[in-house]
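See below for the structure under consideration.
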Ligand code: NAD
Ligand code: TYD
């Protein structure tokens with residue numbers, strides 16, 4: 032099988048490529064990535080010499096380039112490429128619409144033209160909007176009620192994928208996963224930001240009261256789910272993916288501080304994110320029942336593996352944190368911390 036993975040130099044994409052190369056050594060994997068601030072080829076240093084893997088630098092919005100890659104006999108496209116951070120979408124929504132919506136459409140056009148056998152759109156639980164305490168978790172049938180530009184761009188792409196599947200018979204499947212954590216996550220998201228800040232004795236900026244809830248999954252469990260969907264997922268379906276681990280941001284922060292033996296005085300409550308979704312929680316019965324998927328990593332195991340990885344890979348995140356990210360952080364985050 033020849034698989035085009037887009038956004039493979041990012042967090043989940045790089046973990047997926049590593050997973051799929053190990054699980055299916057005969058597959059050919061092409062990684063198309065623009066290498067934005069979030070894309071980092073060091074994430075794939077251990078696979079770059081592998082004969083079944085190839086990297087192509089480019090934009091998923093570039094129809095000519097995408098066509099060239101897909102016409103090489105691609106069987107399946109797994110689309111991870113995206114602008115993925117809610118906070119950034121508050122400052123630069125247009126880039127989110129371009130990559131997340133138009134990029135998706137470009138990939139699907141090529142997929143149709145070259146008759147691929149499967150198109151997987153990696154979407155997110157954030158498209159369902161926010162839950163209150165006591166509400167039932169979201170199912171695949173829940174309404175789409177985006178609150179952030181990031182979520183709106185992902186939801187728009189989902190609707191377009193649905194339309195391409197219904198109208199043009201694109202063999203598409205949509206996955207909606209909860210919050211991921213694990214090795215190689217860019218340190219702008221909650222868990223890696225707080226691990227690395229704590230290691231540097233810097234403050235941990237908690238938005239608002241810190242009682243916002245997210246449903247967390249270890250990245251490798253997500254990768255196993257996508258692999259199953261690639262092989263057995265039913266065309267036209269949406270699959271929620273979740274380990275059902277609901278935690279408040281403060282609970283997670285305290286676990287990180289305890290593991291690193293750092294004081295709780297590092298916690299700093301800062302101005303809240305606008306339209307901050309209070310709670311995400313997902314029902315993932317469909318993938319469990321229909322495809323036999325189960326998460327294998329508990330939150331306690333996963334967070335230890337993750338913190339240990341950031342301890343061992345200080346060079347990786349120090350470099351990442353001193354680049355374009357630092358400029359962005361100084362412009363936006365420091366303003367928030369001081370307000
Ligand atoms: P990430 O930001 O770490 O990586 C995104 C990758 O996409 C980067 O390598 C970047 O260079 C690449 N990219 C961005 N724009 C591109 C473009 N125009 N053309 C080609 N490549 C481009 O993101 P992630 O956390 O790995 O998320 C991957 C996917 O999973 C996204 O679609 C995201 O919406 C979805 N998702 C993420 C989570 C999560 O918790 N991180 C949860 C559910 C779904
Ligand atoms: P984040 O990792 O940005 O993911 P998402 O917004 O996609 O869920 O944020 C996870 C939670 O942590 C969310 O409730 C916002 C909160 N948060 C903070 O309190 N401080 C921070 O510095 C960050 C990045 C997030």
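Residue numbers (the working numbering): 32 to 370.
Every residue, glycine too, gets a C-beta built ideally from N, C-alpha and C.
Quiz item: How about residue 229 and residue 143: are their beta carbons less than 8 angstroms apart?
Solution: Locating residue 229 in the chain shown gives position 198, counting from the first residue. Locating residue 143 in the chain shown gives position 112, counting from the first residue. No, Cβ-Cβ distance for residue 229 and residue 143 is not below 8 angstroms.
Quiz prompt | Within 8 angstroms, strictly: CB atoms of residue 128 and residue 192 | solution = In the chain shown, residue 128 corresponds to position 97, counting from 1. In the chain shown, residue 192 corresponds to position 161, counting from 1. Not a contact, by the Cβ cut-off of 8 angstroms.
Quiz item: Can you find a heavy atom of ligand 2 that lies under 7 angstroms from the Cβ of residue 211?
Solution: Along the chain shown, one-based indexing puts residue 211 at 180. Checking every heavy atom of ligand 2 against the Cβ of residue 211, none is found closer than 7 angstroms.
Self-check item: First and last residue of the uninterrupted alpha helix (DSSP H) at residue 197
Solution: For this step, residue 197 is matched to residue 166 along the chain shown. Per DSSP, residue 197 belongs to the alpha helix (DSSP H) from 180-199.
Exercise. Check whether the Cβ of residue 153 sits closer than 7 angstroms to any heavy atom of ligand 1, and report yes or no.
Key: Counting from 1 along the chain shown, the entry for residue 153 is found at position 122. Checking every heavy atom of ligand 1 against the Cβ of residue 153, one is found closer than 7 angstroms.
Self-check item: Boundaries (first-last residue) of the alpha helix (DSSP H) holding residue 154
Solution: Counted from its first residue, the chain shown places residue 154 at position 123. Unbroken run through residue 154 is the beta strand (DSSP E), 149-155; no alpha helix (DSSP H).
Quiz prompt | Whole-Å CB distance - residue 105 paired with residue 253, under 8 angstroms assumed | solution = Here residue 105 is taken as the residue at index 74 of the chain shown, counted from 1. Here residue 253 is taken as the residue at index 222 of the chain shown, counted from 1. The Cβ separation is near 22 angstroms, so there is no contact.
Quiz item: Cβ-heavy atom distance between residue 243 and ligand 2 below 7 angstroms?
Solution: As a first step, residue 243 must be located in the chain shown, where it is residue number 212. Correct: residue 243 has its Cβ closer than 7 angstroms to ligand 2.
Practice problem: Determine the extent of the alpha helix (DSSP H) in which residue 223 is found, giving its start and end residues. | Solution: Here residue 223 refers to the residue found at position 192 when the chain shown is read from its first residue. 221-230 is the extent of the alpha helix (DSSP H) around residue 223.
Practice problem: Using only alpha-carbon positions, find the residue among 184, 74, 92 and 95 that is nearest to residue 86. | Solution: On the chain shown, position 55 is the one that residue 86 refers to. Residue 74 is the option with its Cα nearest to residue 86.
Exercise. Report yes if the C-beta of residue 304 is less than 7 angstroms from at least one heavy atom of ligand 2; otherwise report no.
Key: As a working mapping, residue 304 is identified with position 273 in the chain shown. Result yes, Cβ under 7 angstroms from ligand 2.
Practice problem: Can you check the region 45-130 for any beta strand (DSSP E) of at least 3 residues that lies completely inside it and give the ranges in chain order? | Solution: 59-64, 84-88 and 107-110
Quiz prompt | Distance between residue 81 and residue 100 (C-alpha atoms, nearest Å) | solution = Counting from 1 along the chain shown, the entry for residue 100 is found at position 69. Counting from 1 along the chain shown, the entry for residue 81 is found at position 50. Looking at the two C-alpha atoms, the distance is approximately 19 angstroms.
Exercise. Give the DSSP-derived three-state secondary structure of residue 246 in the structure shown.
Key: In the chain shown, residue 246 corresponds to position 215, counting from 1. In the structure shown, residue 246 sits in a strand (DSSP, three-state: E or B).
Practice problem: Specify the secondary structure class of residue 311 as computed by DSSP and reduced to three states. | Solution: In the chain shown, residue 311 corresponds to position 280, counting from 1. If DSSP states are grouped into helix, strand and coil, residue 311 belongs with coil.
Quiz item: Between the region 148-159 and the region 194-204, do at least 3 Cβ pairs fall closer than 8 angstroms?
Solution: yes
Self-check item: Nearest neighbour of residue 89, chosen from 38, 45, 117 and 136 [CA to CA]
Solution: Translated into positions along the chain shown, residue 89 becomes position 58. Checked all of 38, 45, 117 and 136; the closest Cα to residue 89 is 38.
Exercise. Report yes or no: do the region 154-168 and the region 304-317 share at least 3 C-beta pairs separated by less than 8 angstroms?
Key: yes
Quiz item: Which residue from 222, 351, 361 and 363 puts its Cα closest to that of residue 68?
Solution: Position 37 of the chain shown holds residue 68. Nearest C-alpha to residue 68: 351.
Quiz item: Going by DSSP, what residues sit across from residue 300 in a beta bridge?
Solution: Residue 300 sits at position 269 when you count from the first residue of the chain shown. According to DSSP, residue 300 bridges with 237.
Self-check item: Beta-carbon proximity list for residue 263, same chain, < 6 angstroms, skipping 5 on both sides
Solution: Numbered from its first residue, the chain shown carries residue 263 at position 232. Cβ within range, chain order: 322.
Quiz item: Among the residues of its own chain, which have a CB less than 8 angstroms from the CB of residue 234, if the five just before and after it don't count?
Solution: Within the chain shown, the letter at position 203 stands for residue 234. 228, 297, 298, 299 and 368.
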